[in-house]
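A.B. asks: Let me begin by handing over the structure; questions about it come next.
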Amino acid sequence: MRALLLSDIHANLEALDAVIDDANVRGGFDVVWCLGDTVGYGPDPGACISRIRGYQLVAVAGNHDHAAVGKINYDNFNGAAKATTVWTAGQLTEGETDFLGGLPTVVLQESFTLVHGSLRDPLVEYLLDQGSAKATMALLQSRYCLVGHSHFPFLCRENGGSPVFDEFTEGATFHLEEERWIINPGCVGQPRDRDPRSSYGIFDSEALTIERHRVEYDIEGTQEKMRRAGLPEYLIDRLNRGV
Ligand code: ZN
Numbered sequence: 002m003r004a005l006l007l008s009d010i011h012a013n014l015e016a017l018d019a020v021i022d023d024a025n026v027r028g029g030f031d032v033v034w035c036l037g038d039t040v041g042y043g044p045d046p047g048a049c050i051s052r053i054r055g056y057q058l059v060a061v062a063g064n065h066d067h068a069a070v071g072k073i074n075y076d077n078f079n080g081a082a083k084a085t086t087v088w089t090a091g092q093l094t095e096g097e098t099d100f101l102g103g104l105p106t107v108v109l110q111e112s113f114t115l116v117h118g119s120l121r122d123p124l125v126e127y128l129l130d131q132g133s134a135k136a137t138m139a140l141l142q143s144r145y146c147l148v149g150h151s152h153f154p155f156l157c158r159e160n161g162g163s164p165v166f167d168e169f170t171e172g173a174t175f176h177l178e179e180e181r182w183i184i185n186p187g188c189v190g191q192p193r194d195r196d197p198r199s200s201y202g203i204f205d206s207e208a209l210t211i212e213r214h215r216v217e218y219d220i221e222g223t224q225e226k227m228r229r230a231g232l233p234e235y236l237i238d239r240l241n242r243g244v
């Protein structure tokens with residue numbers, strides 16, 4: 002079984018389709034594992050939901066998903082995020098709203114736990130340092146944990162009691178070991194690691210491997226749609242820079 006690992010699609014259909022095409026060229030996949038924030042920021046929330054629902058899908062909610070359907074309070078979002086949340090909410094059909102609202106925050110799948118932020122605070126906490134990694138390792142009931150939310154790809158090994166962050170190198174194949182890992186496959190729709198290309202992962206359950214790839218997409222196409230939708234210029238501009 003091969004799982005396509007997607008996080009933070011953020012309603013960017015051009016990016017999502019480029020990732021799916023690239024994954025198909027690299028041997029394809031049987032199931033999509035989605036780590037949340039399918040909507041928010043971008044211009045195609047409904048089309049992105051339909052696209053991932055077209056595959057066998059295991060998905061968790063992100064903060065933007067639950068904010069868009071009024072399930073969590075988004076007073077602490079910045080101005081641009083607030084504006085796109087209101088815009089997104091106005092675009093969703095009843096079926097899409099029900100889908101997002103019904104997403105769980107944590108899912109166990111094979112030897113993985115899927116969560117958007119962290120196990121300590123599934124929708125809110127950014128898992129980016131030793132403290133947050135330690136807290137999630139302590140709560141982890143499977144061998145591996147997949148997270149998104151920060152838009153930064155990484156591998157984090159348990160290493161006794163002190164988690165160690167490693168680069169999740171693009172194009173490299175990592176064999177899953179006995180040691181517990183927290184893995185972030187990077188971001189599909191709004192990368193923030195100074196590389197504007199979409200990032201995603203593939204897990205192969207027979208080979209017990211995980212790999213990460215990046216792919217260019219039609220950034221201008223997405224930006225043009227965002228402009229037409231009246232989405233904030235700040236969000237349009239950052240796609241070029243990958244920040
Ligand atoms: Zn996000």
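Numbering (this note's numbering), first residue to last: 2 to 244.
For each residue, glycine too, the CB sits at the ideal point set by N, CA and C.
No experiment lies behind these values; they were computed from the predicted model shown.
(1) Consult DSSP for T137 and reduce its assignment to one of helix, strand or coil.
(2) Looking at N13 and D38, is the spacing between their C-beta atoms short of 8 Å?
(3) DSSP three-state label for I53, please.
(4) Taking the straight line between their C-alpha atoms, what separation do you get for R198 and E217?
(5) Flag G63 as yes when its Cβ comes closer than 7 Å to any non-hydrogen atom of ligand 1, and as no otherwise.
(6) Do the segment 24 to 38 and the segment 52 to 61 make contact, defined as three or more Cβ pairs closer than 8 Å?
(7) Return the chain-ordered ranges of every beta strand (DSSP E) run that is complete within the segment 70 to 127 and spans a minimum of 3 residues.
(8) Got a sec: does ligand 1 put a non-hydrogen atom nearer than 7 Å to the Cβ of D9?
(9) Going straight from the alpha carbon of G47 to that of Q191, what length do you get?
(10) Determine which residues share a DSSP beta bridge with H150 and list them.
(11) What does the Cβ neighbour count give for M138, buried or exposed, with the cut at 16 atoms within 10 Å?
(12) If we ignore side chains and look at the alpha-carbon of each, how far apart do E159 and L140 end up?
(13) Locate the alpha helix (DSSP H) running through R229, then write down its first and last residues.
(14) Along the chain, where does the alpha helix (DSSP H) that runs through L236 open and close?
(15) Using CA coordinates, which residue listed in N74, E95 and P154 is at the minimum distance from T86?
(16) Could you check if T106 is buried or exposed, using at least 16 other CB atoms within 10 Å of its CB as the buried criterion?
(17) Measuring only the C-alpha atoms, how far is Q224 from R215?
C.D. replies: So, to answer that:
(1) Reading the sequence shown from its first residue, position 136 is the one you call residue 137. Three-state DSSP puts T137 in a helix.
(2) For this step, residue 38 is matched to residue 37 along the sequence shown. For this step, residue 13 is matched to residue 12 along the sequence shown. Not closer than 8 Å, so no.
(3) In the sequence shown, the residue the question calls residue 53 occupies position 52. Correct three-state label for I53: helix.
(4) Locating residue 198 in the sequence shown gives position 197, where the first residue counts as 1. Locating residue 217 in the sequence shown gives position 216, where the first residue counts as 1. The straight-line gap from Cα to Cα measures roughly 5 Å.
(5) Counted from its first residue, the sequence shown places residue 63 at position 62. For ligand 1, at least one heavy atom lies less than 7 Å from the Cβ of G63.
(6) yes
(7) 107 to 110 and 113 to 116
(8) Taking the sequence shown and counting its residues from 1, the one referred to as residue 9 is at position 8. Because some heavy atom of ligand 1 lies under 7 Å away, the Cβ of D9 counts as near it: yes.
(9) Residue numbering aside, residue 47 sits at position 46 when the sequence shown is read from its first letter. Residue numbering aside, residue 191 sits at position 190 when the sequence shown is read from its first letter. Whole-angstrom Cα-Cα distance: 17 Å.
(10) Locating residue 150 in the sequence shown gives position 149, counting from the first residue. DSSP, once it has assigned bridges, lists no residue as partnering H150.
(11) To locate residue 138, count along the sequence shown from 1; it is residue 137. The residue in question, M138, is buried, as its Cβ has 16 or more Cβ neighbours within 10 Å.
(12) For this step, residue 159 is matched to residue 158 along the sequence shown. For this step, residue 140 is matched to residue 139 along the sequence shown. Spanning the two alpha carbons is a distance of roughly 13 Å.
(13) Taking the first residue of the sequence shown as 1, we reach residue 229 at position 228. It spans I220 to A230 - the alpha helix (DSSP H) in which R229 sits, taken as one unbroken run.
(14) Position 235 of the sequence shown, counting from 1, holds the residue named residue 236. Where L236 is concerned, the enclosing alpha helix (DSSP H) stretches over E234 to R242.
(15) Taking the sequence shown and counting its residues from 1, one reaches residue 86 at position 85. When only C-alpha atoms are compared, the closest one is N74.
(16) Here the question's residue 106 lines up with position 105 in the sequence shown. T106 should be labelled buried.
(17) Residue 224 sits at position 223 when you count from the first residue of the sequence shown. Residue 215 sits at position 214 when you count from the first residue of the sequence shown. Approximately 19 Å between the Cα atoms of the pair.
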